[in-house]
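In the working numbering, the protein residues as written are 2 to 247.
Ideal placement from N, C-alpha and C gives every residue a C-beta, glycine not left out.
Take a look at the structure set out below.
Written out as structure tokens, the structure is:
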């Protein structure tokens with residue numbers, strides 16, 4: 002079995018380990034002091050992939066709405082349309098709203114906030130944390146751009162590549178309180194596809210934004226990031242303080 006084939010299977014496995022269920026959430030009754038965190042998962046995942054983070058956020062006193070949307074075989078428009086509908090339903094009566102996204106979920110959040118930058122009142126708008134988000138695309142996605150697995154993945158998978166057509170590169174950098182977390186634990190199967198530090202799927206440089214409020218690197222890989230105790234602690238610290246613990 003060739004090394005390229007093994008790395009291709011590894012890439013797809015990391016991106017698509019879980020499926021998606023239908024989105025059914027009960028809108029909570031809020032107190033004026035309540036704060037909501039909207040969670041957005043990555044490619045091929047579901048809301049269950051964010052369960053540990055959801056539980057820790059609830060323990061910290063936040064209300065949580067975890068999005069659950071299909072990605073495999075979907076177009077960019079269909080993913081953004083579905084998540085727009087779900088986010089609208091989540092935040093309709095929340096006094097304050099924060100957003101946390103892992104991988105593709107970070108791009109979903111950026112797209113929503115770009116479209117709604119004048120409709121969420123400043124007093125309600127909280128902070129944003131992006132974890133392992135390919136804001137400039139993934140070099141690994143470039144490498145497998147012509148593979149059959151990427152074709153199965155649909156338009157949203159191709160939108161994770163680098164270049165002008167990359168979803169992240171087509172989005173504006175919005176002036177909000179944004180914290181960026183990047184992983185540095187690379188994979189021996191994919192490390193040769195990157196020139197610098199990476200989490201096995203996304204490079205540290207791709208995760209960065211010019212207008213980010215704070216940035217931290219953590220020694221986790223792309224999959225570990227959403228359930229890492231250190232990542233979760235840093236996420237909550239940013240939501241509470243507008244900065245990471247350095």
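Item	Value
Touching by the beta-carbon criterion (3+ pairs, under 8 Å), the region 226-242 and the region 129-138	yes
Separation of residue 71 from residue 23, as counted between CA atoms	For residue 23, the pLDDT reaches just 49, beneath the cut-off of 50, and the residue's location in the model is therefore unreliable, leaving the point undetermined.
Assigned secondary structure, residue 240 (DSSP; H/G/I helix, E/B strand, else coil)	helix
Closest by C-alpha distance to residue 189, when choosing among 199, 180, 182 and 61	199
Through-space distance from residue 173 to residue 137, alpha-carbon basis	12 Å
Enclosing beta strand (DSSP E) for residue 223 [first to last residue]	Counting along the chain, residue 223 falls outside any beta strand (DSSP E), and DSSP gives it neither H nor E.
Rounded C-alpha distance that separates residue 77 from residue 160	7 Å
Residue 218, enclosing alpha helix (DSSP H) - first and last residue	Premise fails: residue 218 lies in the beta strand (DSSP E), 215-219, not in any alpha helix (DSSP H).
Classification of residue 240 by the beta-carbon crowding that lies within 10 angstroms, buried from 16 upward	buried
DSSP three-state assignment for residue 152, whether helix, strand or coil	helix
Range of the contiguous alpha helix (DSSP H) that encloses residue 110	105-116
Start and end residues, beta strand (DSSP E) containing residue 37	37-41
Buried versus exposed call for residue 82 [16 or more other C-beta atoms within 10 Å across all chains shown]	exposed
Separation of residue 230 from residue 117, as counted between CA atoms	31 Å
Contact set for residue 141: own chain, Cβ-Cβ below 7 Å, skip 5 residues either direction	12, 191, 194 and 202
Backbone secondary structure at residue 64 - three-state DSSP	strand
Distance between residue 111 and residue 255 (C-alpha atoms, nearest Å)	Summary: the structure shown does not reach residue 255, with the chain confined to residues 2 through 247, and so no result is reported for it.
Opening and closing residue of the alpha helix (DSSP H) in which residue 90 lies	77-92
Assigned exposure category for residue 128 - 16 Cβ within 10 Å defines buried	buried
Helix, strand or coil at residue 175 according to DSSP, with G and I counted as helix	coil
The alpha helix (DSSP H) enclosing residue 129, as first and last residue numbers	Per DSSP, residue 129 belongs to no alpha helix (DSSP H); it is in the beta strand (DSSP E), 126-132.
Between the CA atoms of residue 209 and residue 106 - distance to the nearest angstrom	15 Å
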